[in-house]
Amino acid sequence: KAKDDANIRSLVESETSAITIFGKTWDFHVKESFKIPLNENLEIIHSSVSYLKKHTDKVFFDAEHFFDGFKNNKGYALKCLKAAKDAGADCLVLCDTNGGTMPDEIEKIFKELVTHHSSLVTSLGIHTHNDSDCAVANSIIAVKLGASQVQGTINGLGERCGNANLCSIMPNLHIKLGIKSIADSQLKA
Numbered sequence: 018k019a020k021d022d023a024n025i026r027s028l029v030e031s032e033t034s035a036i037t038i039f040g041k042t043w044d045f046h047v048k049e050s051f052k053i054p055l056n057e058n059l060e061i062i063h064s065s066v067s068y069l070k071k072h073t074d075k076v077f078f079d080a081e082h083f084f085d086g087f088k089n090n091k092g093y094a095l096k097c098l099k100a101a102k103d104a105g106a107d108c109l110v111l112c113d114t115n116g117g118t119m120p121d122e123i124e125k126i127f128k129e130l131v132t133h134h135s136s137l138v139t140s141l142g143i144h145t146h147n148d149s150d151c152a153v154a155n156s157i158i159a160v161k162l163g164a165s166q167v168q169g170t171i172n173g174l175g176e177r178c179g180n181a182n183l184c185s186i187m188p189n190l191h192i193k194l195g196i197k198s199i200a201d202s203q204l205k206a
């Protein structure tokens, strides 16, 4: 149960106004890494998000390995998003955890979600890794297709080949595409 998990309790004890939690969305990892039934993973996602939502203003659900999961078992990956959304997640962040999803795949999957599964996607985010050197492009494509939140790091620092580089994403969004970011409002304060 979420209330008995030391990690979940630590997140609540931090008393932040927003919490991000990762959850497995690739059936392969649920079966091979967790070695639990798929439905049990859905229950873990739901109970974790639901519990956190009772203790903080915003909960971001990072759908770990979402793109690999979607390509392998679309139905299950969507069930994971639904479990998080039904539990009250404020934003569903789609993760390219392996960093191997190509820009055309990001575009195709985002378009499918927005077009055919709109009841699931009230607020979407993107979290990309740079293993195939596409993290910045994939993040920008996701924003153009409706992602309202981008997770990344300064200079793309991160595990393996790094994360999406916010120092590249933010000026491209602002200068080239005219898309304002949270930093714009903070600059005027």
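In the numbering used here, the protein residues as written are 18 to 206.
Ideal Cβ positions, reconstructed from N, Cα and C, are used throughout, including at glycine.
All figures in this text were calculated on a predicted structure; none of them were measured in a lab.
Under three-state DSSP, which class holds E81?
In the structure shown, the three-state DSSP call for E81 is strand.
Below 8 Å between beta carbons: does that hold for F127 and L98?
For F127 and L98, no; Cβs fall outside 8 Å.
Pick helix, strand or coil for A19, following the three-state DSSP scheme.
Three-state DSSP puts A19 in a helix.
Under a three-way DSSP split, which group does T145 fall into?
Looking at T145 - three-state DSSP - the assignment turns out to be strand.
Count the other CB atoms, across all protein chains shown, that sit within 10 Å of the CB of D214; report buried if there are 16 or more and exposed otherwise.
In the structure as shown, the chain begins at 18 and stops at 206. Residue 214 is therefore absent and cannot be evaluated.
Report the rounded CA-to-CA distance for V131 versus L141, giving the unit in angstroms.
Whole-angstrom Cα-Cα distance: 9 Å.
From L28 to H82, what does the alpha carbon distance come to, in whole angstroms?
The alpha-carbon atoms of L28 and H82 are separated by roughly 22 Å.
For D21, which residues in the same chain have their Cβ closer than 6 Å to its Cβ, ignoring the five residues on either side in sequence?
Nothing meets the Cβ criterion.
Relative to the alpha-carbon of I285, which residue among Y68, G92, I61, F51 has its alpha-carbon at the smallest distance?
Examination of residue 285 is not possible in this model, given that the chain is present from 18 through 206 alone.
According to DSSP, which residues form a beta bridge with T28?
Position check: residue 28 holds Leu in this sequence, whereas Thr was assumed. Checking the DSSP bridge columns, you'll see L28 has no partner listed.
Which value, in whole angstroms, describes the spacing of the CA atoms of C151 and K48?
In a straight line, the C-alpha of C151 is about 28 Å away from that of K48.
Specify the secondary structure class of K75 as computed by DSSP and reduced to three states.
Correct three-state label for K75: strand.
Got a sec, what are the start and stop residues for the beta strand (DSSP E) G40 sits in?
Per DSSP, G40 belongs to the beta strand (DSSP E) from 35-41.
Exposure label - I192; buried when at least 16 CB within 10 Å
I192 is exposed by the Cβ-count criterion.
Three-way DSSP call (helix, strand, coil) for T132 in this model:
Helix, per DSSP.
I'd like the span of the beta strand (DSSP E) that includes D113, first residue to last.
Run containing D113: 108-113, per the beta strand (DSSP E) assignment.
Can the beta-carbon of D113 be found less than 8 Å from the beta-carbon of H72?
Taking 8 Å as the cut-off, the Cβ atoms of D113 and H72 do not count as close.
With A154 as the anchor, note down where its alpha helix (DSSP H) starts and where it stops.
Counted as a single uninterrupted DSSP element, the alpha helix (DSSP H) harbouring A154 occupies residues 152-161.
Apart from the five residues just before and just after G75, which ones in its own chain have a Cβ nearer than 8 Å to its Cβ?
The sequence as given places Lys at residue 75; Gly does not occur at that position. Scanning its chain for C-beta atoms nearer than 8 Å, with the 5 sequence neighbours on each side dropped, one finds around K75 the residues S34, A35, I36, D107, C108, in chain order.
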